[in-house]
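This report concerns only the one structure given below.
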Amino acid sequence: MALLSIQHITKNYASHKALDDVSMEIPKGSVFGLLGPNGAGKTSLIRIVNQITGPDEGQVLFDGQPLSETHINKIGYLPEERGLYKKMEVGEQALYLAQLKGMNRADALAKLKVWFEKFEIKQWWRKKIEELSKGMQQKIQFIVTVIHEPQLLILDEPFTGFDPINANLIKDELLAMCSRGTTIILSTHRMESVEELCSHIALINKSKKILDGSVKDIRKQFKSNTYEIDYSGTQVGFVNGLWAGYTLLNNEPHDGFMRATVKAAGDQTTNDLLQALLPQVHIIGFREVIPGMNDIFISMVESAA
Amino acid sequence: MNKIWLIIQREYLTRVKKKSFILMTILGPLLIGGLYAFGFYMIISSGNSISKIKLIDESGMFSSKLSKSGNMIFEPDTMPVATAMEMFDQETYDGILYIPKEILENPGSALFYAKKQPGIDVIDRMENQVEKEIEDIKLNRALVNVDPKVFDKSMLKQIKTRVDIQTKLLTEDGIEDSSSSGTSIIGFAGGLFMFIFTFLYGVQVMRGVIEEKTSRIVEVIISSVKPFQLMMGKIIGIALVGLTQFLLWIILSFVVTSFVTMAVGDKDMQKTVQQKMMHEDQDDQPSRTEIKTKQVESAGGINEYRKAIGSLPLVKIIACFLFYFLGGYLFYASLFAAIGSAIDSETDTQQFMMPLTMPLMLGYFAAVSMMNNPESPYGYWLSFVPFTSPIVMMVRLPFGNVPGYELFISMLLLVIGFLTTTWIASKIYRTGILMYGKKVTWRELGKWLFYKS
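As they're listed, the protein sequences go chains Y and W.
Start counting the first sequence at 1; every next residue gets the next number (my numbering).
Start counting the second sequence at 1001; every next residue gets the next number (my numbering).
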């Protein structure tokens, strides 16, 4: 069941078309990666879901209902360009933003205290935002995005500004929220985070959606029967072991042994390949190369160009 | 609605707690009280700086007549002028008044030598003194053959009069004291205050909008509230800050000036002040400058204020003041918000602020001209145009010549005015706050008016 159903959205700005008949389903409880190059239309789509702008055609359904004001408090949004009032105190500001999302003051205060403890930033409550470093501000930013326990969390490049330790902190929090039933839309260029977190993705390029589905299915789709073999022995010996139907893509020294990349014809199995090679070389490692999201991204975008 | 209230609270509290607000609130009345006290002090102590003038009188007619006048003491001497000039530094006088023999035939031949340029008042006084003495001498010569019982010099004093026309207004409550100069000043003060306030707080709205854009917090807030709610919350919140400041000022000013009046203006002191003013009157004929100073002094004097205020329908004026206060602010504040949303940094504000500053300045100039001519046609028409009516109408009102229907029309136009500017502003604001980097021109703004939401 989809939490968000995006149906045939078209959005035009004065100078260009931002979204062209874009549709997708965001399953409940998923971590959905919204990917695409700069200027593809991701932010426009996100703004429509947040009801900051409206579509020219199409509609968005939230849990089966057309978007309305009641959904504002059920969505948490962390924009790519984000900031806080510099001269306002941290605690006071967090309370303000939480209340703007519909929380009552007492509830917000209690929950904020919990979050501040968790992130170990209690001592900043009375400090002005401008006194904090960028990383600290980002932590505050994250907290105010999730404080009202929204059903849908939309994060645009959430990891920028975080060092690896804090990025991990955020990641853990996101996974925890996901396990509690929150649906998360993650818009990012950082493919590592996509691989680690996302269960589903959609790829947008030049205002059109060019790919979507679960990560597992997509990777299978792009599987190319390629294998990476680490071995010790001679190159010649290796090549001799291969027979027709195998394409040798790469065969080079790597860290003390040899690494070869081999593409097999469709019907050959792993076992077949192993059997062919075993007599010739000493096999150290063997794995199927399943394309990373990065490669899929690049290949999709470049093929469309 | 609840969310607008949250925004209003935040905008209000963050500004009221600022040190600059507290400083302005305290400084304002202190300044006014200080000016008041200083004014008193000036009147009382004006007699303390004494000028010593060496009198070289070759005609021989003045040495005995001129001795002391106001704060000038004349020291007659018989040395030649040249010597006096040489000895200027060694002696302690401030100037040399040289009266040649032929003064009666050639009144313009007297000379005053000094090292420092003397003030107009000093010269004026001396001229008066010498004039008076010359007239006296001429009179004596003319009266030589006249019977003292018919005409005597002392009667001259009785002839000299000083006219001071007092204004009385015919009102429904009977004849009331009034003061033209007092009313002008009150009217002008009202208009001036309106001008300053609208500008000051309008700019605060603009700054707030720019701050939200540059810090990017607007992107976060806009997912929680609609742009219109954010804009109105800010405008109303800042209006409340202004009202609070105004209220505090009135209360504090009242307290401070009462305190000053009590400390400085107790009965004896007031008597001294009045005596000083009268004393100078009797001494000599008031010089031109003195007459002007007296007018301003008397206009600024407590009595004139009391007369002016007493003649005004105070409740009506204060109610109108509050209405124009709010109406004018709302009219301009939304335009300031729109401008703030269209630009990316404070340095870009200049070109867009011009069209707003101009009508305000126009209103200010109209107010100034109306001090001299309350019936001026410019003032009349500008008191209806919503751009200038808050300033100009406040100057017209104290004169009491605004019929009810005119006031109503002016107010109605102002209401329509600010509803219109708010509508226009919200359209521009909505698009502007999310737009960065684009070079915004007036044409571009016009296009934004038509973007769908």
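Built from N, CA and C at the ideal position, the CB exists for glycine as well.
With 16 other CB atoms within 10 Å as the buried threshold, where does residue i fall?
i, result
"D255/Y", "exposed"
"P1029/W", "buried"
"H16/Y", "exposed"
"L153/Y", "buried"
"P1227/W", "buried"
"F963/W", "Lying before the first or after the last residue shown, residue 963/W is absent from chain W, which here runs from 1001 to 1453."
"H8/Y", "exposed"
"A18/Y", "buried"
"V1163/W", "exposed"
"N271/Y", "exposed"
"V239/Y", "exposed"
"E288/Y", "exposed"
"L1360/W", "buried"
Can the beta-carbon of residue i be found closer than 9 Å to that of residue j?
i, j, result
"I1099/W", "I1056/W", "yes"
"I143/Y", "W124/Y", "no"
"L34/Y", "K11/Y", "no"
"V1385/W", "L1413/W", "yes"
"G1464/W", "M1371/W", "Residue 1464/W cannot be examined here, being either before or after the span of chain W that is shown, 1001 to 1453."
"G1233/W", "W1005/W", "yes"
"A1110/W", "V1130/W", "yes"
"L100/Y", "K1003/W", "yes"
"Q1362/W", "I1026/W", "Contrary to the premise, residue 1362/W reads as Leu rather than Gln in this sequence. No, these two residues do not count as a Cβ contact at 9 Å."
"M1454/W", "I1053/W", "The displayed coordinates of chain W run from 1001 to 1453. Any statement about residue 1454/W would go beyond what the structure contains."
"R1008/W", "L1330/W", "Note that residue 1008/W is Ile in the sequence shown, not Arg. Contact: no."
"K263/Y", "S299/Y", "no"
"T188/Y", "F222/Y", "no"
Within the present structure, is the beta-carbon of residue i separated from the nearest heavy atom of the ligand FAD by less than 8 Å?
i, result
"D20/Y", "Inclusion of the ligand FAD in the displayed structure is not the case, the ligand content being empty and no account of it being possible."
Identify, in the order they occur along the chain, each residue of the same chain with its Cβ nearer than 6 Å to the Cβ of residue i, setting aside the five sequence neighbours on each side.
i, result
"A265/Y", "G245"
"L1382/W", "A1366, T1388 and V1392"
"V1440/W", "A1342"
"A1338/W", "A1425, I1428 and Y1429"
"G1340/W", "M1206, V1209 and I1210"
"S5/Y", "E25 and L61"
"R82/Y", "Q141"
"I229/Y", "A260 and F286"
"K127/Y", "V90"
"I185/Y", "F32, L34 and I154"
What in chain C is Cβ-close to residue i, meaning under 7 Å?
i, result
"E1219/W", "Here chain C cannot be found, since the structure's protein chains are Y and W."
Can you check whether the C-beta of residue i is within less than 9 Å of a C-beta belonging to chain W?
i, result
"N50/Y", "yes"
"M177/Y", "no"
"I75/Y", "yes"
"K101/Y", "yes"
"T145/Y", "yes"
"I72/Y", "yes"
"Q141/Y", "yes"
"L61/Y", "no"
"R47/Y", "yes"
"A14/Y", "yes"
Among the residues of its own chain, which have a CB less than 8 Å from the CB of residue i, if the five just before and after it don't count?
i, result
"S232/Y", "F257, M258, V281, H282 and I284"
"A40/Y", "I204, N205, K206 and S207"
"F1151/W", "L1143"
"S303/Y", "none"
"K122/Y", "K113 and F116"
"S1376/W", "A1366, S1369 and M1370"
So, does the CB of residue i fall closer than 9 Å to a CB anywhere in chain Y?
i, result
"K1292/W", "Unreliable positioning characterises K1292/W in this predicted model, as indicated by a pLDDT of 44, which lies under 50. A coordinate reading is not provided."
"R1443/W", "no"
"K1003/W", "yes"
"Q1245/W", "no"
"R1216/W", "yes"
"L1434/W", "yes"
"L1006/W", "yes"
"V1225/W", "yes"
"K1234/W", "no"
"K1447/W", "yes"
"I1222/W", "yes"
Going by beta carbon distance, what residues of the same chain come within less than 7 Å of residue i, once the five residues before and after it are set aside?
i, result
"E130/Y", "K86 and K87"
"S381/Y", "Nothing in the structure corresponds to residue 381/Y, since chain Y is present only between 1 and 305."
"E1102/W", "S1109"
(request) Ignoring anything shorter than 3 residues or poking outside the segment 211 to 299 of chain Y, list the beta strand (DSSP E) runs there in chain order. (result) If only complete runs of 3 or more residues are kept, the segment 211 to 299 of chain Y shows the beta strand (DSSP E) at 226 to 232, 246 to 254, 257 to 264 and 282 to 289, in order along the chain.
(message) At 4 residues or longer, what runs of the alpha helix (DSSP H) sit wholly inside the segment 23 to 76 of chain Y?
(response) 42 to 49, all fully within the segment 23 to 76 of chain Y.
(message) Report the start-end ranges of each beta strand (DSSP E) in the segment 145 to 213 of chain Y that is 3 residues or longer and not cut off at the edges.
(response) Correct list: 152 to 156, 183 to 187 and 200 to 205.
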